[in-house]
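These notes are about the structure you will find just below.
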Amino acid sequence: MFCANSITPQALEAAYEDAEAKNMRVRGVLITNPSNPLGATIQRVVLEEILDFVTSKNIHLVSDEIYSGSAFSSSAFVSIAEILEARQYKNSERVHIVYSLSKDLGLPGFRIGTVYSYNDKVVTTARRMSSFTLISSQTQHLLASMLSDKEFTENYIKTNRERLRKRYDMIIEGLKKAGIECLKGNAGLFCWMNLSPLLEKPTREGELALWDSMLHEVKLNISPGSSCHCSEPGWFRVCFANMSELTLEVALKRIHNFMKRRERSWNLFSSL
Numbered sequence: 001m002f003c004a005n006s007i008t009p010q011a012l013e014a015a016y017e018d019a020e021a022k023n024m025r026v027r028g029v030l031i032t033n034p035s036n037p038l039g040a041t042i043q044r045v046v047l048e049e050i051l052d053f054v055t056s057k058n059i060h061l062v063s064d065e066i067y068s069g070s071a072f073s074s075s076a077f078v079s080i081a082e083i084l085e086a087r088q089y090k091n092s093e094r095v096h097i098v099y100s101l102s103k104d105l106g107l108p109g110f111r112i113g114t115v116y117s118y119n120d121k122v123v124t125t126a127r128r129m130s131s132f133t134l135i136s137s138q139t140q141h142l143l144a145s146m147l148s149d150k151e152f153t154e155n156y157i158k159t160n161r162e163r164l165r166k167r168y169d170m171i172i173e174g175l176k177k178a179g180i181e182c183l184k185g186n187a188g189l190f191c192w193m194n195l196s197p198l199l200e201k202p203t204r205e206g207e208l209a210l211w212d213s214m215l216h217e218v219k220l221n222i223s224p225g226s227s228c229h230c231s232e233p234g235w236f237r238v239c240f241a242n243m244s245e246l247t248l249e250v251a252l253k254r255i256h257n258f259m260k261r262r263e264r265s266w267n268l269f270s271s272l
């Protein structure tokens, strides 16, 4: 997994060559923007470099923009579609965008997703396949009515962004007081927390042991980085948007208690 700030032409080339060495045919590059689990948008210059890379390799680019409406400000997010339009990109048939109402509008149970492609063959195939995943007429009517209300939709996204930003600031400040470092984010429903200093061993097994300790000692189930294919042990994804402010305060208090227990254990061990 590439971090949003580590997607470079060199890293992409290295991954491509590694796949070729394993006799794997690379058909495309898949990005998530804003990133899950990092909670950060991909900068315009990086998107341009990614587009240049797939162009040079004559492969596809799929941009998953499911969290695009959850950037803390509208200026923070740049869609790959904006890059194509600004460049008047000629090979747009190799670029595809996927989106869903599950995250930005909080409707995961509706199972609504979209594919925006510049490739007629992809669009035709998607239309044919959609007959196996039809959305009920009642759901279509409800969503059409809701999304047609431009004032409501814009206000909903604006309010959601403001609340996410407030909640993000709250958890970052709370973790900072507990002595925990987090990757700077600007989007999404989660933050990327660094607990590597707590690992007994800098390995995946050490990370899972720490996850197990948090789960059983303070009853917090925080996704370990290895479940997100992170190559560096010790990072954890903290979701902060699926709970009340009161619940978040309780969670932060438990993290503080966990850190204090670890500190006492270290002090006791070092004094022996």
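For the sequence shown, the UniProt record's numbering gives the first residue as 1, with consecutive numbering after it.
Note that CB positions come from ideal geometry on N, CA and C, so glycine has one too.
Requested in this report: Could you please give the first and the last residue of the uninterrupted alpha helix (DSSP H) stretch that includes G106?
Outcome: Numbered from its first residue, the sequence shown carries residue 106 at position 106. No alpha helix (DSSP H) holds G106; DSSP gives it neither H nor E.
Query raised in the report: Rounded to a whole number of angstroms, what is the C-alpha to C-alpha distance between V29 and S35?
Result: Translated into the one-based positions of the sequence shown, residue 29 becomes position 29. Translated into the one-based positions of the sequence shown, residue 35 becomes position 35. Using only the alpha carbons, I get a separation of about 14 Å.
Query raised in the report: For T247, is the classification buried or exposed, using 16 other Cβ atoms within 10 angstroms of its Cβ as the cut-off for buried?
Result: Taking the sequence shown and counting its residues from 1, one reaches residue 247 at position 247. Around the beta carbon of T247, a 10 Å sphere encloses fewer than 16 other beta carbons of the protein chains shown; the residue is thus reported as exposed.
**Report entry** N160 - containing alpha helix (DSSP H), residue span
**Finding:** Counted from its first residue, the sequence shown places residue 160 at position 160. Element bounds for N160: K150 to K177.
Report task. Taking only the alpha-carbon atoms, compute the straight-line gap between K121 and I59 and give it to the nearest angstrom. Result -> On the sequence shown, residue 121 is found 121 positions in, with the first residue counted as 1. On the sequence shown, residue 59 is found 59 positions in, with the first residue counted as 1. Rounded to the nearest angstrom, the two C-alpha atoms are 15 Å apart.
Query raised in the report: Does the Cβ-Cβ distance between N186 and G234 come in under 9 Å?
Result: As a first step, residue 186 must be located in the sequence shown, where it is residue number 186. As a first step, residue 234 must be located in the sequence shown, where it is residue number 234. Result no, Cβ atoms of N186 and G234 do not sit closer than 9 Å.
**Report entry** Boundaries (first-last residue) of the alpha helix (DSSP H) holding H216
**Finding:** Locating residue 216 in the sequence shown gives position 216, where the first residue counts as 1. Its alpha helix (DSSP H) spans residues R204 to E217.
**Report entry** N-terminal and C-terminal residue of the alpha helix (DSSP H) that I97 is part of
**Finding:** Taking the first residue of the sequence shown as 1, we reach residue 97 at position 97. First-last for I97: V95 to S100, but that is the beta strand (DSSP E), not the alpha helix (DSSP H).
**Report entry** Own chain residues within Cβ distance below 8 Å of P197, not counting five before or after
**Finding:** Counting from one through the sequence shown, the residue named residue 197 turns up at place 197. Excluding positions up to five away in sequence, the list reads G234.
Report task. Could you pull out every residue in the same chain whose Cβ sits closer than 8 Å to the Cβ of A126, ignoring the five residues on either side in sequence? Result -> Counting from 1 along the sequence shown, the entry for residue 126 is found at position 126. Excluding sequence neighbours, A126 sits near V115 and S117.
Requested in this report: Can you grab the Cα-Cα spacing for the pair A14 / A209, in whole Å?
Outcome: For the purposes of this step, residue 14 is taken as the residue at position 14 of the sequence shown. For the purposes of this step, residue 209 is taken as the residue at position 209 of the sequence shown. Answer to the nearest angstrom: the Cα atoms are 31 Å apart.
Requested in this report: With S31 as the anchor, note down where its beta strand (DSSP E) starts and where it stops.
Outcome: Looking up residue 31 in the sequence shown gives position 31. The identity of residue 31 in the sequence shown is Ile, whereas the question assumes Ser. Element bounds for I31: G28 to T32.
Query raised in the report: How big is the Cα-Cα spacing for R262 and S68?
Result: Counting from 1 along the sequence shown, the entry for residue 262 is found at position 262. Counting from 1 along the sequence shown, the entry for residue 68 is found at position 68. Each residue's Cα considered, the two are about 38 Å apart.
Requested in this report: Identify whether E17 lies in helix, strand or coil by the three-state DSSP scheme.
Outcome: To locate residue 17, count along the sequence shown from 1; it is residue 17. In this structure, E17 counts as helix in the three-state DSSP scheme.
Requested in this report: State whether the stretch 79 to 92 contacts the stretch 48 to 57, with contact taken as three or more CB pairs (one from each stretch) at a distance under 8 Å.
Outcome: yes
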